[in-house]
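What follows is a set of notes on a single structure, which appears directly below.
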Amino acid sequence: MISLIYAGNEKGKCKDILQRVEKLLLDQEYQKFNLQNDQHEIYSLSKGYHTKMSEYQIRSIEKLNKSELFIFIYPLYWLNLPMILKGFIDMVFWPEYAFSFKRKKYFKNGLWKDKRAIIIYTLGGSEWFHILQGRLGYRVMKYPLKLAGIKNIKHFYIDNLSKSTNDRNVNKVIKKIEKVL
Numbered sequence: 001m002i003s004l005i006y007a008g009n010e011k012g013k014c015k016d017i018l019q020r021v022e023k024l025l026l027d028q029e030y031q032k033f034n035l036q037n038d039q040h041e042i043y044s045l046s047k048g049y050h051t052k053m054s055e056y057q058i059r060s061i062e063k064l065n066k067s068e069l070f071i072f073i074y075p076l077y078w079l080n081l082p083m084i085l086k087g088f089i090d091m092v093f094w095p096e097y098a099f100s101f102k103r104k105k106y107f108k109n110g111l112w113k114d115k116r117a118i119i120i121y122t123l124g125g126s127e128w129f130h131i132l133q134g135r136l137g138y139r140v141m142k143y144p145l146k147l148a149g150i151k152n153i154k155h156f157y158i159d160n161l162s163k164s165t166n167d168r169n170v171n172k173v174i175k176k177i178e179k180v181l
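Right, here's the structure in full:
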C-alpha cells in the first residue's frame with residue numbers, strides 16, 4: 001500500500017505533479033490524503049501529546065500503518081512546509097504510533113522503520129537559495145520521518161516555477177520518481 005499525501009493547491013504545478021504521480025500508481029494500491037479537501041480540524045496540540053485523539057486522526061494513523069511507502073507532494077511557502085501539512089504531521093506522527101520514547105522505539109528503531117518515503121516539493125525560486133537558507137522545507141519533513149524510523153527517504157524538487165523550462169524539469173523528476181517506485 002502507498003499513501004499519497006498532497007498539500008498543494010487545486011491547480012498549478014503541484015497539482016500537475018500529483019496527477020502525474022497518480023498515473024504512475026494506477027497499477028498499485030494507494031490511498032490519497034488531499035489535505036486541502038479533507039474535512040478535519042486543525043490540530044493545535046493544546047495539551048501537548050496528552051490531547052485526546054480525534055476519529056479522523058485515528059483513521060489516518062491506521063491508514064498510514066498499512067502503507068509501506070509515503071509520497072509527500074507540496075509547495076514551499078516562505079521556504080517551508082504549508083501549514084496544513086505541518087498540522088497533518090503533528091497529527092499522525094504521534095507517540096506510541098509512529099515512535100515511542102518509552103519503549104526506545106525511535107530513529108533507527110522507530111515504529112515505522114520498514115517504511116519508505118518520497119518527498120516532492122515545488123518552489124518559485126532557485127533550489128540554491130533554499131540550500132543556502134538551510135533547506136528548511138526539506139529538513140522539517142525529514143526529521144519526523146527519521147524519528148519514526150524511516151531511513152529510506154528520496155527527495156525531488158521542481159524550482160524556478162516561472163521559467164519556460166519548467167515542463168522539461170517536471171518530466172525529468174517524474175522519470176526519476178518512476179525509477180524509485
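The sequence shown begins at 1 in this note's numbering and counts up by one. In this text, a Cβ means the ideal position worked out from N, Cα and C, and glycines have one as well.
Quiz item: With 16 as the cutoff for other CB atoms within 10 Å, does Y49 come out buried or exposed?
Solution: Numbered from 1 along the sequence shown, position 49 holds the residue referred to as residue 49. So Y49 ends up on the exposed side.
Quiz item: From which residue to which residue does the beta strand (DSSP E) around G48 run?
Solution: As a working note, residue 48 is residue 48 in the sequence shown. In the DSSP assignment, G48 falls within the unbroken beta strand (DSSP E) covering S46 to Y49.
Quiz item: Quick one: what's L4 bridged to in DSSP?
Solution: Counting from one through the sequence shown, the residue named residue 4 turns up at place 4. In DSSP, L4 forms a bridge with K32 and I71.
Practice problem: Could you check what DSSP says for S60 in three-state terms: helix, strand or coil? | Solution: Against the sequence shown, residue 60 aligns to sequence position 60. DSSP places S60 in helix when its eight states are reduced to three.
Practice problem: Specify, as a first and last residue, the run of the alpha helix (DSSP H) that Y143 falls within. | Solution: Here the question's residue 143 lines up with position 143 in the sequence shown. For Y143, the enclosing alpha helix (DSSP H) starts and ends at L136 to L147.
Quiz prompt | First through last residue of the alpha helix (DSSP H) which encompasses R103 | solution = As a first step, residue 103 is located in the sequence shown; it is residue number 103 there, counting from the start. That residue, R103, is in no alpha helix (DSSP H); it is neither H nor E in DSSP.
Quiz prompt | Top-ranked residue by Cα proximity to L85, from D159, Y30, K23 and D38 | solution = Taking the first residue of the sequence shown as position 1, residue 85 is located at position 85. The residue with the shortest Cα to Cα distance from L85 is D38.
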